[in-house]
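See below for the structure under consideration.
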Amino acid sequence: MSKKEISMSNSKNSQMRTFWRTFFSRGIIVKISLVIAVVFVLVSLLASPINTYLLHQDPLEVDLMNLFADSSREHLLGTDLYGRDILARIVSGAQMSLICSVFSCLLGAVIGIILGLIAGYFEGVVGSVIMRYIDIQMSIPSLIFIIVISLITGESLFGVIMALAFGLIPNFVRVMYGLVLQLKGSDYVTASKLIGVSEAKIMMKHILPNTFPSMIVMFTMSLGSNIMLESTLSFLSIGIKVPTPSWGNMISEGYSYIIRGELMLSFAPGVCLMLVVIAFNILGDALRDSLDPRLRGKL
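Just so we're aligned, residue 9 is where the sequence shown starts under our numbering, counting upward by one.
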């Protein structure tokens, strides 16, 4: 291995050490958030085996002889108004939240990054048209816009994903647009133009990779916000429809029974929702501090 390769390897290792040191510099709160996020992802991915082999429950099975059952060995969190196991439905609801959040964030990020890159690099008429559309969309309250798109695309998993993705696009476009305006004036971009490098290659090789840290931070924080928005749509009965488990429709179903003292129906999924959203927001902040050299060491 040459001295140059050794030097590059040492530099990468140093950067990784700096990243992890900064990432965990907020103390125990980041570690707890990371654990919550990892547990949420694992439970979501393994929802079916957990319900089948660990809990021995079907989240859709109705048991009219066991309505509003208290916590027991068979039903750790009790049962709901149809005798369905609450914990099994929370586990399945986590899977639904992860699917909606990840796919909507991916779709919104891809479309937003492409539009922001084009608008920022070319500006002119193309950039103006894209940014004026973004201004128009952002003038509409995001929740109202998402509700309208959800009603248009249909009250289904696909409709929820599309609605959440369209709601995210303006955020990614505006951040990407600002980053591209900064980067395209850099010396290495100017030098690339002078030696005849194509516009497409400059955008894909020199500009786009330098926007990834900010985009990763936005994506992480958007995961939490989209989990909340998916639950909001389900709570309003325009998202994931019952009997398919969703944290939002579970909270909505249990809301009417709080006055009867059946707190677990809404409380359990509500606590899960709160913890996961807060965890992703904290992780997003920690990633921002770790990936941005200007913020390292400043909390």
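Heads up, the beta-carbon is just placed ideally off N, CA and C, and yes, glycines get one too.
Candidates 251, 279, 37 and 211: which alpha carbon is nearest residue 164's?
-> Taking only the C-alpha atoms, the option nearest residue 164 is 251.
Leaving aside the five residues before and after residue 45 along the sequence, list all residues of the same chain whose C-beta is less than 8 Å from its C-beta, in chain order.
-> Here the set comprises 284, 287, 288 and 291.
As assigned by DSSP and simplified to three states, the class of residue 18 | At residue 18, the pLDDT of 47 sits below 50, so the modelled position is not reliable; the number obtained from the coordinates is stated separately. Taken through DSSP and simplified to helix, strand or coil, residue 18 comes out as helix.
State the Cα-Cα distance for the pair residue 280 and residue 196, rounded to the nearest angstrom.
-> Looking at the two C-alpha atoms, the distance is approximately 47 Å.
Span separating the alpha-carbon of residue 307 from that of residue 245 = Reliability fails at residue 307, whose pLDDT of 41 lies under 50, so the model's placement of it is uncertain and no value is given.
Residue 297 (DSSP reduced to helix, strand or coil) = Three-state result, residue 297: helix.
Near residue 16, what residues of its chain come up, given a Cβ to Cβ distance below 8 Å and the 5 sequence neighbours on each side ignored?
-> Because the pLDDT at residue 16 is just 44, under 50, the model does not fix this residue reliably, and the point stays unresolved.
Find the nearest neighbour of residue 235 within the set 95, 254 and 224, judged by alpha-carbon distance.
-> When only C-alpha atoms are compared, the closest one is 254.
Taking all protein chains shown into account, do 16 or more other C-beta atoms lie within 10 angstroms of the C-beta of residue 220, making it buried, or fewer, making it exposed?
-> Exposed: under 16 other Cβ atoms inside 10 Å.
Whether residue 243 touches residue 256 by CB criterion (9 Å) = A contact, by the Cβ cut-off of 9 Å.
Would the beta-carbon of residue 263 fall within 9 Å of that of residue 76?
-> No. Outside cutoff.
By a C-beta neighbour count over all protein chains shown, 10 Å radius and 16 as the cutoff for buried, is residue 82 buried or exposed?
-> With fewer than 16 Cβ atoms within 10 Å of its Cβ, residue 82 is classed as exposed.
Could you check the C-alpha separation between residue 105 and residue 183 for me, to the nearest Å?
-> Near 25 Å, if we compare the C-alpha coordinates of residue 183 and residue 105.
Find the nearest neighbour of residue 101 within the set 151, 38, 48 and 185, judged by alpha-carbon distance.
-> Minimum Cα distance to residue 101 is reached at 48.
By the 10 Å Cβ neighbour count, where 16 or more other Cβ atoms means buried, how is residue 37 classified, buried or exposed?
-> For residue 37, the number of other beta carbons within 10 angstroms of its own is below 16, and it is reported as exposed.
Pair every Cβ in the segment 133-149 with every Cβ in the segment 207-222, then say whether three or more of these pairs are closer than 8 Å.
-> At 8 Å Cβ cutoff, the stretches do not touch.
N- and C-terminal bounds of the alpha helix (DSSP H) containing residue 243 | For residue 243, the enclosing alpha helix (DSSP H) stretches over residues 220-243.
Decide if residue 298 is buried, meaning its Cβ has at least 16 other Cβ atoms within 10 Å, or exposed.
-> It counts as buried.
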